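Protein chains: 2
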Amino acid sequence: MGKLYVIGIGPGGLDHITVKAMRAIEESNIIVGYTKYISMIKPLIENKEVFSTGMRGEEERCREALRLSRNNIVALVSTGDSGIYGMAGLILEMKSDENVEIIPGITASSAAGSVVGAPLMHDNCNISLSDLMTPYEDIKKRIKLAAEGDFVISLYNPRSKGRPHYLREAIDIIKKYRSDNVPVAIVRHALRDGEESILCTLGTIDCEVVDMFSIVIIGNSKSYIKEDKFITPRGYKI
Amino acid sequence: MGKLYVIGIGPGGLDHITVKAMRAIEESNIIVGYTKYISMIKPLIENKEVFSTGMRGEEERCREALRLSRNNIVALVSTGDSGIYGMAGLILEMKSDENVEIIPGITASSAAGSVVGAPLMHDNCNISLSDLMTPYEDIKKRIKLAAEGDFVISLYNPRSKGRPHYLREAIDIIKKYRSDNVPVAIVRHALRDGEESILCTLGTIDCEVVDMFSIVIIGNSKSYIKEDKFITPRGYKI
Chain C
34 MGKLYVIGIG PGGLDHITVK AMRAIEESNI IVGYTKYISM IKPLIENKEV
84 FSTGMRGEEE RCREALRLSR NNIVALVSTG DSGIYGMAGL ILEMKSDENV
134 EIIPGITASS AAGSVVGAPL MHDNCNISLS DLMTPYEDIK KRIKLAAEGD
184 FVISLYNPRS KGRPHYLREA IDIIKKYRSD NVPVAIVRHA LRDGEESILC
234 TLGTIDCEVV DMFSIVIIGN SKSYIKEDKF ITPRGYKI
Chain D
34 MGKLYVIGIG PGGLDHITVK AMRAIEESNI IVGYTKYISM IKPLIENKEV
84 FSTGMRGEEE RCREALRLSR NNIVALVSTG DSGIYGMAGL ILEMKSDENV
134 EIIPGITASS AAGSVVGAPL MHDNCNISLS DLMTPYEDIK KRIKLAAEGD
184 FVISLYNPRS KGRPHYLREA IDIIKKYRSD NVPVAIVRHA LRDGEESILC
234 TLGTIDCEVV DMFSIVIIGN SKSYIKEDKF ITPRGYKI
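So the sequences go chain by chain: C and D. Per our numbering, the very first residue in the first sequence carries number 34; after that it's consecutive. Per our numbering, the very first residue in the second sequence carries number 34; after that it's consecutive.
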């Protein structure tokens, strides 16, 4: 009897993986994942069988992971939290009687937040700007409502070659509800090799520097910058 | 020269702490935290000096942690992600020239989600129902807008003795925008000792069983239950 672990490895740096995820990878004899994610955990998977595919191979990876898990201990790995824009949902949708365990990890907004300070300290939301599976009109509606509700907003998949203008349009929607000096962070490769971050504002953001390896965090009306740290106050009187 | 690590230990079970957080606790000679959190990491802190306070002692804990960090390696620990309703914000607000590092952890909604399936697979938000520092009208407005935007909604601090009706009122607001059969999960002590979970719907939720150790997750309009797992589809055609 086999098993399938659906593992979020967190941001990618091996330091930010959980003990549970690490053990599940060790216990597995087959590792399945997107080529880039597999390379991030290379030191953990020496001498293990690997099944990797390129981007947009999600269905194929999941089908193969489920099939292999009938007679093997399989780890299906992705970055961030397997349950937030990760593989947990698709696996549960596709599975029949395979033995599946979901292991959460640190999602990208938490990782990016920690790099620039404490921007997510109050009510916050995660929105993906990818329109591969969500109509763009629905995405824009969510951005508008999140802006109106004064949520701290973390944008996943903020900009790709196929939709270079969405981020600019999202910022323009948010600016209808928040002032130009609200802080914005662009964090690229948060908590893994190549990490870079930029602090700017709704008024000064340069969308051109943002790519798919970035998370963009937009503060709420009370967020501010103090000595290069992005802080959203929880409300303590200090 | 001392140092202050502001550490999110994740849900509380030692398995779900990150390698980085574990190492920072090991490296520290003084541990600061709420008594209950300290007890969760007991095996990691034998022979270390501990400064703990009861609930609502946040400012005192932070002041003490900052003071001690001038000449010691200090770990200020809380559950979940230190950057989401945790101590990272208050520390950065209060700090002057102390040496502070924020270490993220798995936030409670990620932990709770993994227990019941994959409810957070699409755009989602975290809202705290605590009105200690946020006007209740603002909280209700956020719930309404999140409901209208079809966000998956995770409610933190969903119900306490001082405000027993807020959860019921939140559910009633959401029901104006979503049908009665939308799945709801109540997860108590997610991924730590005493874990329990209930799957119900917007129409059948029994708010009386919810307490401050619980997270309540409300699905979006496409969420469904399959064999006792709560799934929010990402949109793959399968």
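The beta carbon of each residue, even a glycine, is placed where N, CA and C say it ideally should be. On a predicted model such as this, the values are computed, not experimentally measured, just so you know.
Cross-chain neighbours of residue i in chain C, by beta carbon under 7 Å
i: Leu-109(D); result: By Cβ distance, chain C contributes nothing, its closest Cβ being about 13 Å from Leu-109(D), past 7 Å.
i: Thr-140(D); result: Ser-143
i: Lys-174(D); result: Gly-182
For residue j and residue i, the rounded distance between their alpha carbons
i: Asp-183(C); j: Lys-255(D); result: 25 Å
i: Ser-163(C); j: Pro-191(C); result: 7 Å
i: Met-154(C); j: Gly-195(D); result: 23 Å
i: Gly-66(D); j: Ala-141(D); result: 18 Å
i: Arg-225(D); j: Gly-87(D); result: 20 Å
i: Ile-238(D); j: Val-217(D); result: 7 Å
i: Val-242(D); j: Arg-221(D); result: 10 Å
i: Cys-158(D); j: Val-148(D); result: 18 Å
i: Glu-92(C); j: Gly-43(C); result: 21 Å
i: Phe-84(C); j: Ala-151(D); result: 23 Å
i: Arg-211(D); j: Cys-240(D); result: 18 Å
i: Tyr-70(D); j: Ile-40(D); result: 11 Å
i: Met-73(C); j: Ala-121(C); result: 19 Å
i: Cys-95(C); j: Glu-126(C); result: 10 Å
i: Leu-101(D); j: Glu-202(C); result: 46 Å
i: Ser-111(C); j: Ile-251(D); result: 25 Å
i: Glu-170(D); j: Ile-124(C); result: 39 Å
CB contact below 8 Å: residue i versus chain C
i: Ser-61(D); result: no
i: Ser-193(D); result: no
i: Thr-167(D); result: yes
i: Tyr-269(D); result: yes
Interface residues of chain C facing residue i [CB-CB closer than 8 Å]
i: His-49(D); result: Thr-51, Val-52, Lys-53 and Pro-137
i: Lys-259(D); result: Leu-125 and Glu-126
i: Cys-158(D); result: Asp-156, Asn-157, Cys-158, Asn-159, Ala-179 and Phe-184
i: Glu-92(D); result: Tyr-269 and Ile-271
i: Arg-225(D); result: Correct list: empty, because the minimum Cβ distance to chain C is about 12 Å.
Where residue i meets chain D, residues with beta-carbon distance less than 9 Å
i: Gly-146(C); result: Asp-114, Gly-116, Ile-117, Ala-121, Ile-135 and Pro-137
Endpoints, beta strand (DSSP E) assigned at residue i
i: Ser-218(C); result: The sequence as given places Ala at residue 218(C); Ser does not occur at that position. Per DSSP, Ala-218(C) belongs to the beta strand (DSSP E) from 216-221.
i: Cys-233(D); result: 229-234
i: Gly-41(D); result: 36-41
i: Thr-86(D); result: 82-86
Heavy atom of the ligand ATP within 7 Å of residue i beta-carbon
i: Asp-171(D); result: With respect to the ligand ATP, the structure shown offers nothing to examine, as it has no ligands at all.
C-beta neighbour in chain D for residue i, strict 8 Å
i: Pro-266(C); result: yes
i: Met-34(C); result: no
i: Ser-161(C); result: yes
i: Ala-218(C); result: no
i: Ala-98(C); result: no
i: Gly-45(C); result: no
According to DSSP, residues forming a beta bridge with residue i
i: Gly-150(D); result: Phe-263(D)
i: Phe-184(C); result: The partner list for Phe-184(C) (beta bridge, DSSP) is empty, contrary to what the question assumes.
i: Val-243(D); result: For Val-243(D), which the question treats as bridged, DSSP gives no partner whatsoever.
i: Thr-112(C); result: Thr-112(C) is not bridged to any residue.
i: Asn-159(C); result: Ser-187(C) and Asn-157(D)
i: Ile-63(C); result: Glu-82(C) and Val-107(C)
Residue interval of the alpha helix (DSSP H) (run including residue i)
i: Val-52(D); result: 52-60
i: Ile-204(C); result: 199-208
i: Glu-97(D); result: 91-101
i: Glu-126(D); result: 121-127
i: Ile-74(C); result: No alpha helix (DSSP H) holds Ile-74(C); DSSP gives it neither H nor E.
Partners in chain D for residue i, counting only beta-carbon separations shorter than 8 Å
i: Phe-246(C); result: In chain order: nothing, as chain D lies at least about 18 Å away.
i: Leu-200(C); result: Per Cβ cutoff of 8 Å: no residues; Leu-200(C) is ~16 Å from chain D at best.
Under 7 Å from the C-beta of residue i: neighbouring residues of chain D
i: Lys-75(C); result: What Lys-75(C) touches in chain D: nothing, since even the nearest Cβ is about 16 Å away.
i: Ala-151(C); result: Gly-116, Ala-121, Gly-122, Leu-125 and Ile-135
Chain E contact residues for residue i, given Cβ-Cβ distances below 8 Å
i: Lys-262(C); result: The chain inventory of the structure shown lacks chain E, comprising the protein chains C and D.
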